[in-house]
Amino acid sequence: MCWICGHPDGGGGTVLVVHPGSPQQPYQGGPYQQGGRPQQGYPHQNPQQNFGQPPYGYPQQGQGYPPPKKPKTGLIAGIAAGVVVLVLAVVAIVVFTGDDDEPSQAQPSGPPPAPPKPTAAPDKYTKLPTCQEVASKLPDLPALDPRTARSAPKEGSTYPEYLMSCSFRQETPGASRAKVISVDATMYSTDPRGYPAGTEEATGYFEAGIRNGNEEAKDLGIGDRAAWQKPVLDIPNQKPDCELNVLDGNVRLEVRENGIDDPEMKGRDWTDPVCRSATQARAKKFRDAILGEK
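Under our numbering, the very last position in the sequence shown is 357; numbers go up by exactly one each time.
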């Protein structure tokens with residue numbers, strides 16, 4: 064038997080191919096001629112011999128053919144495994160860091176807001192009496208001088224202030240000067256916006272006097288704090304008045320007693336125990352008449 068193949072150039076000749084060792088038969092249709100015809104004597108191979116092998120005369124495997132390509136299944140499997148690991152890692156991060164109840168909220172940018180100012184405590188006192196009301200409570204005082212009586216908001220003040228000023232005069236025959244007992248009460252009200260507080264303002268003024276030389280007095284039992292006023296002038300043989308400053312809540316009291324030319328005060332000054340004792344007693348009565356007894 065033989066394989067019958069078509070002519071290479073599409074001609075009508077028949078080619079017999081036989082295996083080696085078999086008698087070779089000439090090509091039917093003649094040898095190749097110039098122009099595409101078969102040449103005489105071209106070997107043929109029997110197709111029944113070594114079936115499945117390449118025909119005789121063709122290159123054997125490994126002789127002239129490129130080696131077969133290796134499969135890429137390992138590379139593809141590695142890429143697929145990497146993708147799976149990456150997906151699992153992302154899912155784990157979302158599960159362990161996410162909030163199941165509420166979505167995360169972005170933090171506000173910029174500096175943190177300033178803390179709110181503390182709320183001021185209510186003012187201890189909200190009203191002051193008139194000089195006439197004070198005089199009616201202290202009948203042992205000299206007569207009230209109506210020219211100096213004042214009970215009104217303080218003019219030109221930065222913060223709400225109410226000033227009550229009263230003077231009591233006693234004329235003494237033969238004295239070059241009348242004896243005067245006076246009291247000034249200043250009430251500091253908290254600013255409508257809530258700050259500064261009235262008590263803080265009153266305390267600030269009281270402590271400013273101490274820094275300027277006033278002598279703080281301990282355990283006098285008058286108001287919250289008390290201090291002896293340092294005189295502005297110190298004239299020889301003309302000793303100054305005795306004055307006591309009293310702080311009580313948001314009210315500041317200034318009680319003065321003029322002892323110049325008074326026989327009882329002759330030769331005494333603001334540090335004299337007698338002068339201070341008389342003024343301290345006056346200050347206690349004024350405080351109770353103006354702010355109420357404790």
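In this text, a Cβ means the ideal position worked out from N, Cα and C, and glycines have one as well. This structure is a prediction, so every number in the text was calculated from the model and none was measured.
In the three-state DSSP reduction, Ala184 falls in the coil class, being neither helix nor strand. When C-alpha distances from Glu278 are compared across Ser230, Lys347, Trp333 and Arg240, the shortest belongs to Trp333. In this chain, the beta strand (DSSP E) harbouring Arg232 covers Glu224 to Gln233.
When C-beta atoms of the region 267-274 are compared with those of the region 343-352, fewer than three pairs fall below 8 Å, so the two segments do not count as touching.
Under the DSSP assignment, Leu354 falls in the alpha helix (DSSP H) whose first and last residues are Pro336 to Leu354. In this structure, Lys200 sits near Ala352, with a CB-CB distance shorter than 8 Å.
Distance between Glu224 and Glu234, taken at the CA atoms: about 33 Å. In the three-state reduction of the DSSP assignment, Ile244 falls in the strand class, which pools E and B. Straight through space, the alpha carbons of Val318 and Ala198 are spaced by roughly 14 Å.
The shortest CA-to-CA distance from Arg350 to any of Gly312, Pro294 and Asp186 is the one to Gly312.
Burial is judged here by how many other beta carbons sit within 10 angstroms of a residue's own beta carbon; Ile139 has fewer than 16 and is exposed. Within the DSSP bridge table, the entry for Thr189 names no partner. Distance check between Ile244 and each of Leu204, Leu316, Ser340 and Pro185 places Leu204 closest, using alpha-carbon atoms only. Contact annotation: Asp247 and Leu226 have beta-carbon atoms nearer than 8 Å.
Close CB contacts of Ser252 within its chain, under the 8 Å cut and outside five residues either way in sequence, are with Asp186, Thr189, Tyr222, Pro223, Glu224, Tyr225, Gly261 and Asn313 (chain order). DSSP, reduced to helix, strand and coil, places Ser214 within a strand of the structure shown. For Thr249, the closest C-alpha among the options Ala265, Gly237 and Pro259 is that of Ala265. Within the same chain, Arg315 come within 7 Å of Tyr268 by CB-CB distance, once the 5 residues on both sides are set aside. Rounded to whole angstroms, the separation of the alpha carbons of Leu191 and Asp282 is 25 Å.
Rounded to the nearest angstrom, the gap between the Cα atoms of Glu306 and Arg256 is 35 Å. Taking all protein chains shown into account, Glu356 has fewer than 16 neighbouring C-beta atoms within 10 Å of its C-beta and is therefore exposed. Excluding the 5 residues flanking it on each side, Phe231 has same chain C-beta neighbours closer than 8 Å at Ala198, Leu204, Pro205, Ala206, Leu207, Asp208, Val243, Ile244 and Ser245, in chain order. DSSP places Arg274 in the uninterrupted alpha helix (DSSP H) bounded by Gly261 to Arg274. Bounds of the alpha helix (DSSP H) holding Val197 are Cys194 to Lys200. In the same chain as Leu149, and ignoring 5 residues on each side of it, no C-beta atom comes closer than 7 Å to its own.
DSSP places Leu204 in the coil class of the three-state scheme, outside both helix and strand. In the DSSP secondary-structure assignment, Trp333 is not bridged to any residue. Measuring C-alpha to C-alpha distances from Ser228 to each of Asp335, Ala280, Cys194 and Leu310 identifies Cys194 as the nearest. Rounded to whole angstroms, the gap between the alpha carbons of Leu310 and Arg288 is 5 Å. When the alpha-carbon of Leu354 is set against those of Ala184, Ala144, Arg240 and Ile285, the nearest one is in Ile285. Counting the other CB atoms within 10 Å of its CB gives Ala215 a total below 16, which places it among the exposed residues.
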